[in-house]
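Take 4 as the starting number for the sequence shown in the numbering used here and just add one per residue. We put the CB at the ideal spot given by N, CA and C, even for glycine. None of the values given here were measured: they were computed from a predicted structure. Heads up: the structure comes next, in structure tokens.
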Amino acid sequence: MASGTLAALAAKQATKTVPIVFSPAGDPVGSGLVTSLARPGGNVTGLSAFAPELVGKRLELLKQAVPGVSRVAVLWQPGAFGERTEKDTLKRAEVAARDLGVPLQFVEARGPADFDRAFSDMSVARAGALTVLASNMFVSERRRLVDLAAEKQLPAMYSARELVDTGGLMSYGANLADLNRRAATYVDRILKGTKAADLPVEQPTKFELIINLKTAKALGLTIPQSVLGRAD
């Protein structure tokens with residue numbers, strides 16, 4: 004078992020014969036873990052938490068939580084996923100924002116050294132809220148991201164609940180407990196003789212909305228009951 008994309012890539016580099024089950028991984032195809040979701044090939048398979056279509060849902064929930072927001076900043080890391088996946092995700096964000104009537108400000112951060120400049124750009128553009136796209140780097144640097152969002156008084160939506168556990172406002176994404184349970188069935192099937200290459204990579208089917216009410220209070224934000232009622 005390998006937890007996360009980086010661990011799975013390291014395991015894949017270490018062996019071409021021992022079966023590897025990852026859970027969760029970001030973009031398994033774009034990262035080079037598997038050749039395709041339906042036919043992984045090689046000795047690697049598992050569960051993906053990657054769902055680029057959720058970018059629109061996150062914007063919708065953020066707009067509902069902060070109804071008066073006039074501009075939303077979108078923080079993303081170029082190179083976090085394959086070029087095709089990145090373009091698709093950014094396009095989905097643009098379409099969703101247009102439907103919601105909310106202008107977006109795309110802000111790049113290639114590494115932690117870009118964070119201060121990125122948040123300064125958000126302030127200059129007068130962004131009233133923030134959505135952070137999926138990235139292993141953002142999860143690794145979650146303490147600093149969450150602190151900067153609090154410092155700038157930005158209600159923020161994240162793709163991973165780890166950032167909410169660290170003090171972020173809210174997240175919407177795959178239910179990791181469900182993914183890990185399903186990964187256990189993959190391990191069982193491999194131990195019984197099924198080849199990893201014959202097990203398609205499964206994508207998330209259960210999602211969770213996590214809200215940190217302590218952070219909402221610190222931001223002076225009252226989350227509408229219609230949003231709270233959907234939280235896990």
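Between which two residues does the beta strand (DSSP E) harbouring residue i extend?
i	result
Thr218	Not the beta strand (DSSP E): Thr218 falls in the alpha helix (DSSP H), residues Leu216 to Ala221.
Phe25	Ile23 to Ala28
Glu111	Leu107 to Glu111
By DSSP, does residue i sit in helix, in strand, or in coil?
i	result
Ser51	strand
Gln67	helix
Val72	coil
Glu97	helix
Ala234	coil
Pro227	coil
Ala199	helix
Ser143	helix
Pro115	helix
Ala17	helix
Leu36	coil
Lys155	coil
Glu86	helix
Gly170	coil
Ala11	helix
How would you write the range of the alpha helix (DSSP H) that residue i sits in, first residue to last?
i	result
Met4	Element bounds for Met4: n/a, residue is neither H nor E.
Ala121	Phe118 to Val127
Compute the Euclidean distance between the alpha carbons of residue i and residue j, then round it to the nearest angstrom.
i	j	result
Ala236	Lys60	What is shown of the chain runs 4 to 235, which leaves residue 236 out entirely.
Pro43	Phe141	27 Å
Lys209	Phe25	17 Å
Phe87	Ser174	Contrary to the premise, residue 87 reads as Arg rather than Phe in this sequence. Cα-Cα distance, rounded: 24 Å.
Lys1	Arg120	Any answer about residue 1 is impossible in this case: the structure gives the chain only from 4 up to 235.
Gly85	Asp91	10 Å
Asp30	Leu9	11 Å
Ile214	Ala234	7 Å
Ala11	Thr48	9 Å
Lys15	Leu216	40 Å
Ala112	Trp79	6 Å
Leu194	Ile23	11 Å
Arg95	Ala128	22 Å
Gly196	Pro203	15 Å
Ser143	Thr169	11 Å
Phe118	Val69	23 Å
Val58	Leu136	8 Å
Arg101	Ser123	24 Å
Gly82	Asn139	11 Å
Leu107	Glu97	7 Å
Lys198	Leu182	20 Å
Gln206	Ser6	15 Å
Ala222	Ala28	Position check: residue 222 holds Leu in this sequence, whereas Ala was assumed. Roughly 32 Å separates the two Cα atoms.
Arg146	Leu224	21 Å
Val149	Val110	16 Å
Val167	Tyr161	8 Å
Ser73	Val21	52 Å
Thr134	Met4	31 Å
Ser51	Thr38	14 Å
Ser34	Phe53	11 Å
Pro55	Ala41	18 Å
Ala130	Lys155	10 Å
Ala186	Leu157	36 Å
Which residues share a DSSP beta bridge with residue i?
i	result
Tyr279	What the structure shows of the chain is the stretch from 4 to 235, and residue 279 is not part of that stretch, so it cannot be assessed.
Glu205	Leu50
Thr134	Val77 and Met160
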